[in-house]
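Structure record follows, encoded as structure tokens.
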Amino acid sequence: MTKFYLTTTLPYINSEPHIGFALEIVRADVLARSHRLSGDEVFFNTGTDEHGLKIWRKAESLGLSVQEYCDRMAESFKELKGLLDLSFDNFIRTTDAKHQAAVQEFWRRCVASGDIYKKHYSVKYCVGCEMEKTDSELENDRCPLHPGQDLELIDEENYFFRLSKYQDKLLALYSERPDFVLPENRLKEVKNFVASGLHDFSISRLASKLPWGIPVPGDEEQVMYVWFDALVNYISALGWPEQEVNFSKWWPGVQIAGKDNLRPQALMWQAMLLSAGLPNSQQIFINGFITAGGQKMSKSLSNVVSPKELVEKYGGDAVRYFLLAEINDREDGDYTEDRFIDSYQANLANGLGNLFSRLGNLAWKYGLEPVNKGDNGELSTKVEQLVKDWHFNQALNEIWSIYRQLDAKLTEQQPWKLEPDQAKACLIPLINEFVAATSALRPFLPTTAEKILNFFSQNFVGKPEPLFPRVDNIN
RNA sequence: CGCGGGAUAGAGCAGUUGGCAGCUCGCCAGGCCCAUAACCUGGAGGUCGUUGGUUCGAAUCCAACUCCCGCAACCA
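Numbering of the first sequence is given in my numbering, commencing with residue 1 and proceeding in unit increments.
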């Protein structure tokens with residue numbers, strides 16, 4: 001039995017779940033389910049990233065205590081499990097005591113490797129924005145949003161991580177393992193970036209300015225910067241450092257992340273692991289973004305799509321289907337409600353749903369015997385392999401091409417015109433084929449696949465219920 | 001010469017090693033009537049962003065160019 005550890009990134013809880021995170025966790029879920037079905041032992045981790053100034057301020061603006069705010073948001077993210085039918089085994093919060101202790105131990109290990117040092121750090125601060133500004137954010141050395149105000153210079157002492165030390169080791173890692181980051185152009189991207197030279201980065205803030213963070217061991221005046229804190233979750237979730245056995249059983253694992261997370265995951269985190277003397281991740285898959293009508297989703301454009309609203313309207317499997325079948329596996333994908341509806345109507349209502357009704361009705365009318373779970377070895381092997389290579393679009397295409405063939409065969413063979421015995425003889429192979437194809441569908445649309453398999457594996461006591469109502473009946 | 005992605009039928013996209021341009025939706029015409037007014041068959045519709053090169057042959061390889069979109073370090 002093979003062991004398989006898979007984790008999403010931890011979404012930052014400054015806002016409600018985003019459709020982009022739904023994409024990430026649904027893909028992870030398909031991979032986890034697929035591994036379980038092939039008999040692997042799976043540990044699937046997700047959770048929430050809860051520290052940092054933005055969270056602190058957000059809670060303040062809502063008049064909540066920061067802990068209360070975090071608790072509410074963590075609940076909101078946990079709701080995705082039921083809504084999207086997710087099968088994660090662990091939900092970690094970076095405010096968990098166990099995680100905080102692990103991060104502090106991780107910090108000590110990096111200190112022991114000589115990779116953490118203190119230095120003065122001067123930063124430009126815009127009073128108008130109440131934000132630190134980097135040079136790249138400035139125009140003519142002024143904040144573009146508040147050009148009338150002079151920037152303040154703040155001189156602060158922070159801890160830095162010696163990222164520059166790991167340039168060669170990271171480059172070696174990338175060349176030794178060509179599938180370390182997928183898709184390969186993302187590996188190329190991070191490789192180029194590392195080759196262009198790395199600078200050390202600040203990993204702490206003054207506690208007086210940032211009260212919501214994990215204390216730096218041995219320095220009460222400083223708290224850790226959120227990235228350093230959050231990345232460690234991938235191993236603290238496994239019980240590191242106390243549960244040594246469990247940790248080495250699962251780590252290294254596979255990570256999935258959005259393309260904005262390429263550097264933190266494939267670069268910073270890997271350098272941190274090297275510093276702490278731990279093995280690098282096994283593989284990192286980078287998702288593209290979902291645009292809304294071709295535009296980047298952002299709060300200022302108020303075009304952010306909520307996965308929860310979509311699920312409430314169309315159902316969890318419908319949302320899973322759209323994300324898995326219509327969003328490109330390797331590049332950005334686009335969402336519009338029209339696109340969603342078109343796909344839903346064609347593939348789920350008129351496609352799979354209607355085919356199920358056709359076959360289900362005929363099975364009931366002709367009083368067929370229950371069908372044992374059929375097997376299409378060729379199809380399931382192919383689909384399994386496609387999933388492991390993160391080709392979700394193509395995997396679903398393979399299954400749907402069987403469904404289309406079955407629709408055509410039914411129309412061609414017209415069992416409803418035959419004598420009962422002949423009709424049965426005609427239907428049985430078709431239903432077997434349908435059940436076998438649907439068996440391969442289980443990791444993608446677990447609820448729907450289960451309904452179909454259950455229907456055909458029992459005595460037929462009536463007409464089947466529609467799986468996906470037509471859109472005109474939803475609104 | 002900052003990094004990377006994209007440009008293929010009205011729309012959305014596939015095209016793995018170069019070998020007669022495909023899929024889904026939409027549209028038109030037939031068929032079927034088991035089924036969620038669903039399903040099936042056929043058809044119309046493309047100088048594969050531009051220009052040049054390699055080749056018997058290029059959407060595919062090479063070069064230059066045009067347009068669009070992300071990112072450009074402490075930003076989930």
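Backbone N, C-alpha and C fix where the C-beta goes; we use that ideal spot for every residue, glycine too.
Contact annotation: L37 and P443 have beta-carbon atoms nearer than 8 Å.
As the crow flies, the alpha-carbon of G316 is around 9 Å from that of K308.
The Cβ atoms of Y335 and A318 do not sit closer than 8 Å to each other. Taking L206 as reference, the option from N233, K119, A271 with the minimal CA-CA separation is K119.
The segment 21-31 makes no contact with the segment 210-225; the number of CB pairs closer than 8 Å stays below 3. Distances from the alpha-carbon of Y121 to those of A292, K169, D200, F44 put D200 closest. Distance between F340 and E50, taken at the CA atoms: about 32 Å.
With 16 or more neighbouring CB atoms inside 10 Å of its own CB, N45 falls in the buried class. In chain order, S343 place their CB closer than 6 Å to the CB of E326, counting only its own chain and leaving out the 5 sequence neighbours on each side. Collapsing the DSSP output to three states places G333 in a strand. Between the segment 227-240 and the segment 83-98, the count of Cβ pairs shorter than 8 Å is three or higher; the stretches touch. E156 sits in a strand when the DSSP states are folded into three classes.
Secondary structure of K118 (DSSP, three-state): strand. Contact annotation: L86 and I25 have beta-carbon atoms nearer than 8 Å. S457 and R109 have their C-alpha atoms some 56 Å from each other. The DSSP-derived three-state label of G258 is strand.
Taken through DSSP and simplified to helix, strand or coil, S302 comes out as coil. Just so you know, the alpha carbons of P429 and K54 end up roughly 59 Å apart. When C-alpha distances from V181 are compared across L267, F247, L238, E221, the shortest belongs to L267.
F161 and K78 have their C-alpha atoms roughly 33 Å apart. Counted as a single uninterrupted DSSP element, the alpha helix (DSSP H) harbouring F356 occupies residues 354-365.
With respect to the C-alpha of I431, the residue from E369, D179, G351, M272 having the closest C-alpha is E369. Using a Cβ distance threshold of 8 Å, S306 and E75 do not count as a contacting pair.
Using a 10 angstroms sphere on the CB of R72, the tally of other CB atoms stays under 16, which defines it as exposed. Residue state for N287 is assigned as strand, using DSSP reduced to three classes.
DSSP, reduced to helix, strand and coil, places F460 outside both helices and strands of the structure shown, so it counts as coil. Collapsing the DSSP output to three states places P215 in a strand.
Taking a contact to require three or more Cβ pairs closer than 8 Å, the segment 346-365 and the segment 274-291 do not qualify as touching. Checking the DSSP bridge columns, you'll see L206 partnered with Q222.
Going by beta carbons, P264 and L273 fall outside the 8 Å limit. When C-beta atoms of the segment 397-417 are compared with those of the segment 434-449, three or more pairs fall below 8 Å, so the two segments count as touching.
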